[in-house]
Amino acid sequence: MLKPAVIARTLHKWLGFLVGIQILIWLASGLYMVVVDIDFIHGDPLVKNMQQTVTTPQTPVLDIAALRVKYPDATHIDLRPVMGQTLYSVTTANGRYLHEPKTGDLISPLDEETTRRIARYHFAGDAPILTASLITTNPPMEIQTRRLPLWRIDFADRFATSFYIDPYTGALATRRHQYWRIFDFLWMLHIMDYEERADAHHPLLIVAQLTGLSFAISGLWLLFYSISCRRKNRAVAE
Amino acid sequence: MGILKKLHKWVGLLIGLQVMLWLLSGLMISLLDPAKVSGKQWAAPITDESPALQSGVLLEPNELPAELLSDALSISLTNSHGQAVYRIKHGGDEALINAADGSIIQTSKADAEILARQDFVGNGDIISIQAGRAPDLETRNSSGNYWKVDFSDDASTTLYISVSSGDILERRNSYWRVRDFFWMLHIMDYSSHEDFNNPLIIFVALVAIWLGIRGFILLFSSFNRHDFYFLNLMRKPDEVVITLIDPSCAKPKQLSLRKGSNLFLSLATHNINLPSICGGGGECGKCRVKMEGDNPPIANTIEQGLIPSSLRKQGYRLACQQEVKNNITLKLAKGSATYDC
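Those protein sequence lines, which keep their order, are chains X and Y.
In terms of my numbering, the first sequence opens at residue 1 and continues consecutively.
In terms of my numbering, the second sequence opens at residue 1001 and continues consecutively.
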């Protein structure tokens, strides 16, 4: 029979062989996530004019009553501030429409030039815009769950900032930057969900955690042997 | 023992315990089914198609009460439980206005009961309905007054319903509460359960990664290629003969051990358990053996620390620090290892 201490040491070594790298990955990705401020990750310092107040249109050419005639199946009509100006955003079962109250014009989908101006209006930095592109299919990972189409505006700043603007509402749907992308990648490694990057309830992760926990318990067990060694050695020395 | 050394030991132990808590809480969080944690398991399914706005004359936004319009962050005309309403947001608070007559709609206790019954499809009935105000621990992502509706189901469901909008703010239950407890342990924010950028966890994470890297190097150096001989199934590993002499036995004993293996462990697998507390970690110095012959292997730093130099000169080494290399005779301390004489 092997002695318990020998079993613990052998277990610790081989469990460490199995999950050692994953434990380092957990520690390193966790460290990044706790050290880098989450508001910065969310891109709060990169945006401005996000809390715009709505002004109700006075004597509009187009009013709510007229919009309801135009869109009898409308489910929502929002008053939406875009670059300081209030627009009507109509949602029906089939689509979304953006109207200018003063003229009554339909202005959606927004063109590239307007979208660039919206991006500038919300961008807190002064770096120039690198590219603007309309994403209609195959969205990148970072806007996987968002409704398409979206304009993507890339800035030439040191954070590689991208703004995603909805051409049917003029809203800044989301913003991404290099440190967000690193966070997202590390989160994937942390929860070991290499496809969706969202789910922490899956067998691979649970098996790794059980192995990791056994590794830690065998380590703690060894620590007590090691502490009692030192005690006895000290007693001998005295 | 110096204060610093003591501190080092106890800080190391505390960090080790936290690493264990990270693993345990992570495991618990992963084991819980997200559909139960979010309460969606017992919530009425959301119908995708929202109904078209109610017909009839509705107020224009500029006909709404002026005090509600000033500083509004969003104004939205929509349907709420069969009637057209304006939803107006100011900061965290939201107001609901009847779009036909401009009256403010508030969710009464009786309304909350109806809404809760519509939403909850689990087994159980309403126990109590109480008023409260967000944010608190269970409604930390919301704001404004709410009705707290408790159910008698096995999961102890609580629905939080906004007084101003009638929305279900949160669905909480014992799965969520267990998850939240482990989440608190995981991110080490014991008051608000949501701030994972707190100084305590940053400090512990920094020390933990330093210990982790050290541990990884130790682990790496504890392996040698002979540990993986089982992968090389075709070639049988070489064996060498070890002769053991226990002074309390009349006859020596001979054993065949795998070349390249650890002497202490190899003997242990042959039921020769040398004295040891640490189990072959090079910490207790108990597995001392005398290696007979003229040229004993050079003692490493661990052996230098644990064996007096007079004994080292005589050929005493620690079995756990020795690799099985060639045929050798080992003299054991009296009665230290048991083999049948």
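Idealized CB from N, CA, C, for every residue including glycine.
Given the structure is predicted, the values throughout are model-derived calculations rather than measurements.
Alpha carbons only, please: which of the options is nearest the one belonging to residue i?
i         : options                                       : result
Leu1255/Y : Asp1246/Y, Asp1093/Y and Leu1267/Y            : Leu1267/Y
Gly1305/Y : Pro1296/Y, Arg1288/Y and Met1184/Y            : Arg1288/Y
Ile182/X  : Leu2/X, Val19/X, Ser29/X and Leu18/X          : Ser29/X
Ala65/X   : Ile1277/Y, Ser1128/Y, Ala1044/Y and Leu1059/Y : Leu1059/Y
Ile1307/Y : Gln1118/Y, Ile1272/Y and Gly1282/Y            : Gly1282/Y
Ala127/X  : Thr137/X, Thr136/X and Arg116/X               : Arg116/X
Asn1198/Y : Ile1187/Y, Leu1206/Y and Val1207/Y            : Ile1187/Y
Thr1243/Y : Ile1201/Y, Ile1209/Y and Lys1290/Y            : Lys1290/Y
Leu27/X   : Leu205/X, Leu186/X, Ser226/X and Tyr225/X     : Leu186/X
Ser108/X  : Lys102/X, Thr114/X and Leu98/X                : Leu98/X
Ala1250/Y : Phe1151/Y, Lys1331/Y, Glu1063/Y and Asp1101/Y : Lys1331/Y
Phe1223/Y : Val34/X, Leu15/X, Leu210/X and His201/X       : Leu15/X
Ser1108/Y : Gly1102/Y, Asp1101/Y and Ala1116/Y            : Ala1116/Y
Val1163/Y : Arg1177/Y, Ile1129/Y, Leu1185/Y and Ser1152/Y : Ile1129/Y
Arg1258/Y : Ala1319/Y, Val1241/Y, Thr1139/Y and Arg1171/Y : Val1241/Y
Lys1334/Y : Ile1245/Y, Gly1124/Y and Gly1279/Y            : Ile1245/Y
Gly1124/Y : Asp1227/Y, Gly1315/Y, Pro1237/Y and Asp1153/Y : Asp1153/Y
Gly1082/Y : Pro1275/Y, Gly1056/Y, Glu1067/Y and Ala1208/Y : Gly1056/Y
Arg68/X   : Phe1228/Y, Leu1053/Y, Arg1225/Y and Asn1079/Y : Leu1053/Y
Ala171/X  : Lys3/X, Thr114/X and Val35/X                  : Thr114/X
Asp63/X   : Thr169/X, Met141/X and Gly104/X               : Gly104/X
Asn1062/Y : Ser226/X, Leu31/X, Pro101/X and Val47/X       : Pro101/X
Identify the residues that DSSP records as bridge partners of residue i: which are they?
i         : result
Pro81/X   : Thr86/X
Gln1083/Y : Ser1080/Y
Asp1150/Y : Ser1128/Y and Thr1158/Y
Ser1256/Y : Val1241/Y
Phe163/X  : Ile153/X and Arg175/X
Ile1209/Y : Answer by DSSP bridge pairing: none, since Ile1209/Y is not bridged.
Asp1145/Y : Residue identity differs from the one stated: residue 1145/Y is Asn in this sequence, not Asp. BP columns for Asn1145/Y point to Arg1133/Y.
Arg1177/Y : Bridge partners of Arg1177/Y: none, in fact.
Trp132/X  : In the sequence on display, residue 132/X carries Ala and not Trp. BP columns for Ala132/X point to Ile153/X.
Ile1345/Y : Within the shown structure, residues of chain Y are numbered from 1001 to 1341, placing residue 1345/Y beyond reach of any answer.
Asp1093/Y : His1090/Y
Leu106/X  : His99/X
Ile1105/Y : Leu1096/Y
Leu1318/Y : Arg1288/Y
Quick one: using the 10 Å Cβ neighbour count with 16 as the cut-off for buried, is residue i buried or exposed?
i         : result
Pro1065/Y : exposed
Gln178/X  : exposed
Asn1173/Y : buried
Trp151/X  : buried
Asp166/X  : buried
Trp180/X  : buried
His190/X  : buried
Val19/X   : buried
Leu1069/Y : buried
Arg1317/Y : buried
Ser1025/Y : buried
Glu238/X  : Only weak support is given to the placement of Glu238/X: the predicted model assigns it a pLDDT of 45, under 50, and the value that follows is read from those uncertain coordinates. It is exposed - the Cβ of Glu238/X has fewer than 16 other Cβ atoms within 10 Å.
Met33/X   : buried
Gln1322/Y : buried
Met192/X  : buried
Arg147/X  : exposed
Gln144/X  : exposed
Ala156/X  : exposed
Lys1325/Y : exposed
Using a threshold of 7 Å, is the CB atom of residue i nearer than that to any non-hydrogen atom of the ligand NAD?
i        : result
Ser133/X : Questions concerning the ligand NAD fall outside what the structure shown contains, since it holds no ligand whatsoever.
On the three-pair Cβ rule with 8 Å, is the stretch 11-18 of chain X touching the stretch 206-224 of chain X?
-> yes
Mind the definition here: the stretch 1200-1215 of chain Y touches the stretch 1024-1036 of chain Y only if three or more C-beta pairs lie below 8 Å; say whether that holds.
-> no
Any contact of the stretch 129-146 of chain X with the stretch 89-108 of chain X, i.e. 3+ C-beta pairs under 8 Å?
-> no
Could you run through the stretch 20-39 of chain X and flag, in chain order, every residue whose CB is less than 7 Å away from some CB of chain Y?
-> Gly20, Ile23, Leu24, Leu27, Ala28, Gly30, Leu31, Met33, Val34, Val35, Asp37 and Ile38
The stretch 1294-1304 of chain Y / the stretch 1258-1265 of chain Y touching (three or more Cβ pairs under 8 Å) = no
Contact between the stretch 75-91 of chain X and the stretch 47-55 of chain X (3+ Cβ pairs under 8 Å) | yes
How do the stretch 1111-1129 of chain Y and the stretch 1148-1161 of chain Y stand: do at least 3 beta-carbon pairs fall below 8 Å, yes or no?
-> yes
Looking at C-beta atoms only, is the number of pairs between the stretch 36-46 of chain X and the stretch 1010-1026 of chain Y that lie closer than 8 Å three or more?
-> no
Decide yes or no for the touch test of the stretch 1073-1088 of chain Y against the stretch 1133-1140 of chain Y: beta carbon pairs closer than 8 Å, at least 3 of them.
-> no
Determine contact between the stretch 1079-1096 of chain Y and the stretch 1142-1151 of chain Y, defined as no fewer than three beta-carbon pairs at a distance below 8 Å.
-> yes
Check distances from the C-beta atoms of the stretch 1019-1049 of chain Y to those of chain X and list, in chain order, the residues that come in under 8 Å.
-> Val1019, Met1020, Trp1022, Leu1023, Leu1024, Gly1026, Leu1027, Ile1029, Ser1030, Leu1031, Leu1032, Asp1033, Pro1034 and Glu1049
Below 9 Å between beta carbons is the criterion; list the residues of the stretch 192-220 of chain X that meet it against any residue of chain Y, in chain order.
-> Asp199, Ala200, His201, His202, Leu205, Ile206, Gln209, Leu210, Gly212, Leu213, Phe215, Ala216, Ile217, Gly219 and Leu220
With 8 Å as the limit, tell me which residues of the stretch 42-60 of chain X have their beta carbon closer than that to any beta carbon of chain Y; keep them in chain order.
-> Gln51, Gln52, Thr53, Val54, Thr56, Pro57 and Gln58
Below 7 Å between beta carbons is the criterion; list the residues of the stretch 83-117 of chain X that meet it against any residue of chain Y, in chain order.
-> Ala93
Residues from the stretch 1072-1102 of chain Y in contact with chain X, defined by Cβ distance under 8 Å = Ala1072, Leu1073, Ser1074, Ile1075, Ser1076, Leu1077, Thr1078 and Asn1079
Could you please tell me which residues of the stretch 2-22 of chain X, in chain order, have their CB closer than 9 Å to any CB of chain Y?
-> Leu2, Lys3, Pro4, Ala5, Val6, Ile7, Ala8, Arg9, Thr10, His12, Lys13, Trp14, Gly16, Phe17, Gly20 and Ile21
Taking a cut of 9 Å between CB atoms, which residues from the stretch 1259-1286 of chain Y lie near chain X?
-> Phe1264, Leu1265, Ala1268, Thr1269, Asn1271, Asn1273, Ser1276, Ile1277, Cys1278, Gly1279, Gly1280, Gly1281, Glu1283, Cys1284, Gly1285 and Lys1286
Anything in the stretch 1171-1203 of chain Y with a Cβ closer than 7 Å to a Cβ of chain X? List those residues in chain order, please.
-> Phe1196, Asn1197, Ile1201 and Ile1202
The stretch 1113-1143 of chain Y: positions lying closer than 9 Å to chain X by Cβ | none
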